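Trainee:
Number of protein chains: 2
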Amino acid sequence: MAGHGERVVLTPVTGEGNLDLVDALAQLSFAVHGSLARIAAAHDLSMVQVRLLGILRDRRPTVSELARFLELDKSSVTGLVDRAAGRGLVRRVPAARDGRSVLVVITPAGRALVGRAVQAFDAAVAALAIDLSPTERHRLSVLASRVVVADARRRGIVLEGEPEGVGVEA
Amino acid sequence: MAGHGERVVLTPVTGEGNLDLVDALAQLSFAVHGSLARIAAAHDLSMVQVRLLGILRDRRPTVSELARFLELDKSSVTGLVDRAAGRGLVRRVPAARDGRSVLVVITPAGRALVGRAVQAFDAAVAALAIDLSPTERHRLSVLASRVVVADARRRGIVLEGEPEGVGVEA
DNA sequence: TATTGTTATACTCTATAACTATA
DNA sequence: TATAGTTATAGAGTATAACAATA
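So the sequences go chain by chain: V and X. Numbering (our numbering) for the first sequence: 10 to 179. Numbering (our numbering) for the second sequence: 10 to 179.
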């Protein structure tokens, strides 16, 4: 299947043969993404809310910084933070150094919720690879890391120039 | 990084070390998904519209079948098809056998557009793995296929029982 | 009665443009 | 003047509930 022209990228996997690299990576991405989205939903969160809370676990960024992290317009972040704050998951704190800025801070409730969600994420992703041997799992993580790190470098991830975090090593 | 407790799952990759399996797969998924979404947007499509058109490339399903394929409520599919039809990418055809059903059919314009998008998908995913050797690429596709196929089986993908497609092998 | 599809409604997510307040 | 953030507005995507038509 998907050997000579058919693209499986967009349709459900059905057979059991090997996919070519493009299909395999696309399908893997869908599987992981779908798994994470289901878990987020089970915690009454969207993926972007989980990302927001995940970032806030060890940072207290401004709205503008969040917009850069999340690659969203700042007006989108305003709404995102509004809804999270409405649920008591985050709160806004006026920034001391710049009267224009607002720091977004996670609340204990938000921290607890995202902690549970991330724990479930871990379990779900691990479950995806349950059929692989330890050696294969290691190989997969090495190869995936290579791809991810190369891509991050290519697309010029910043973060380095912004050390206002709270205990963010790396 | 991400060696003893820190979870990178939700934040941008920064270092260059090996991620553990969970982080590596999650990050890989984000990289692929982001790449695909950017390409879709460059073609004035959302990911779900690309999936819709991709399915329609070799099928002419009813709205209900589409809802199952896409794992959406049928009312969501109605809206999806409305918008695609409004752009001339698909059209509705009354089903001959069942007066209640509607077949969704891709138009030549829709086919051309999704063809271009999928071609760009291929190139983008291939580019992601450009730093791997041919051997490593092969290994990665084998491992990813294993994970994907096992997951598909686990979650009980159907498709088999629905051979009303148009030349869908597999 | 059950199924197919649409409509009405509501909420999240996203962007653009215009605005206020601060720098 | 430039930057930070919000508001107003609009549109895509999603779901639930109610409905009409058909089986």
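By construction, the Cβ of each residue, glycine as well, lies at the ideal position given by its N, Cα and C atoms. Just so you know, these numbers come straight off a predicted model, no measurement behind them.
Strictly below 7 Å CB to CB, what residues from chain X border V:H42?
Mentor: Neighbours of V:H42 on chain X, chain order: S38 and H42.
Trainee: Which residues in the same chain have their Cβ closer than 6 Å to the Cβ of X:V151, if we skip the five residues on either side of it in sequence?
Mentor: Within the same chain, X:V151 has no close Cβ partners at all.
Trainee: Hey, V:V134 and V:S44 are a contact pair by Cβ (cut 8 Å); roughly how many whole angstroms apart?
Mentor: Indeed they touch by this definition, with Cβ atoms about 7 Å apart.
Trainee: Can you look up X:L98 in the DSSP assignment and give me helix, strand or coil?
Mentor: If DSSP states are grouped into helix, strand and coil, X:L98 belongs with coil.
Trainee: Compare the beta carbon distance of V:V86 and V:L75 with 8 Å and say whether it is the shorter of the two.
Mentor: Taking 8 Å as the Cβ cut-off, V:V86 and V:L75 qualify as a contacting pair.
Trainee: With three or more C-beta pairs closer than 8 Å as the rule, is the stretch 125-134 of chain V touching the stretch 104-120 of chain X?
Mentor: No: fewer than three Cβ pairs fall under 8 Å.
Trainee: Around the C-beta of X:I139, are 16 or more other C-beta atoms found within 10 angstroms, so that it is buried, or is it exposed?
Mentor: Exposed is the call here.
Trainee: So what does V:L112 bridge to, in DSSP terms?
Mentor: Partner(s): V:T71 and V:V102.
Trainee: Is there a Cβ of chain V sitting closer than 8 Å to that of X:V134, yes or no?
Mentor: Yes, X:V134 counts as interfacial toward chain V.
Trainee: Cβ closer than 7 Å: which chain V residues qualify as neighbours of X:D131?
Mentor: The answer, in chain order, is V31.
Trainee: Given 8 Å as the limit, is there contact between the stretch 26-35 of chain V and the stretch 61-73 of chain V, that is, 3 or more CB pairs closer than that?
Mentor: No, because fewer than three Cβ pairs between the stretch 26-35 of chain V and the stretch 61-73 of chain V fall closer than 8 Å, the two stretches do not touch.
Trainee: Helix, strand or coil for X:D160 per DSSP?
Mentor: X:D160 falls in the helix class under three-state DSSP.
Trainee: Taking all protein chains shown into account, decide if V:V102 is buried (16 or more other Cβ within 10 angstroms of its Cβ) or exposed.
Mentor: Exposed.
Trainee: At what residues does the alpha helix (DSSP H) containing X:I64 begin and finish?
Mentor: Run containing X:I64: M56 to L65, per the alpha helix (DSSP H) assignment.
Trainee: Determine the chain V residues that contact X:A93 at a beta-carbon separation under 9 Å, and present them in chain order.
Mentor: In chain order: nothing, as chain V lies at least about 14 Å away.
Trainee: In chain order, what residues of the same chain lie with their CB nearer than 8 Å to the CB of V:V90, ignoring the 5 residues before and after it?
Mentor: Counting only Cβ-Cβ distances below 8 Å, and skipping sequence neighbours, we find L61, V72, L75, V99, R101 and V113.
Trainee: Chain V partners of X:E145, CB-CB under 8 Å?
Mentor: The answer, in chain order, is L152 and R155.
Trainee: Since I believe V:A49 is in contact with V:V59 (beta carbons under 8 Å), could you give me their beta-carbon distance rounded to a whole number of angstroms?
Mentor: The pair is a contact, with the Cβ atoms about 5 Å apart (cut-off 8 Å).
Trainee: For chain V, is any of its Cβ atoms less than 8 Å away from the one on X:R148?
Mentor: It does; some Cβ of chain V falls within 8 Å.
Trainee: Return the CA-CA distance between X:A93 and X:K83, expressed in angstroms with no decimal places.
Mentor: In a straight line, the C-alpha of X:A93 is about 15 Å away from that of X:K83.
Trainee: Under 6 Å Cβ to Cβ from X:F78, same chain only, skipping five residues before and after it: list those, please.
Mentor: Contacts found: I64.
Trainee: Using a Cβ cut-off of 8 Å (strictly closer), state whether X:A159 contacts chain V.
Mentor: Chain V, which has a Cβ nearer than 8 Å to the Cβ of X:A159, makes this yes.
Trainee: Tell me which same chain residues have a C-beta within less than 7 Å of the C-beta of X:A118, skipping the five on either side of it?
Mentor: Closer than 7 Å at the Cβ level, and outside the excluded window around X:A118, lie G97 and L98.
Trainee: So for X:D107, helix, strand or coil by DSSP?
Mentor: Reduced to three states, the DSSP call for X:D107 is coil.
Trainee: Mind checking if X:A138 is an interface residue toward chain V, Cβ cutoff 8 Å exclusive?
Mentor: True, the Cβ-Cβ gap to chain V drops below 8 Å.
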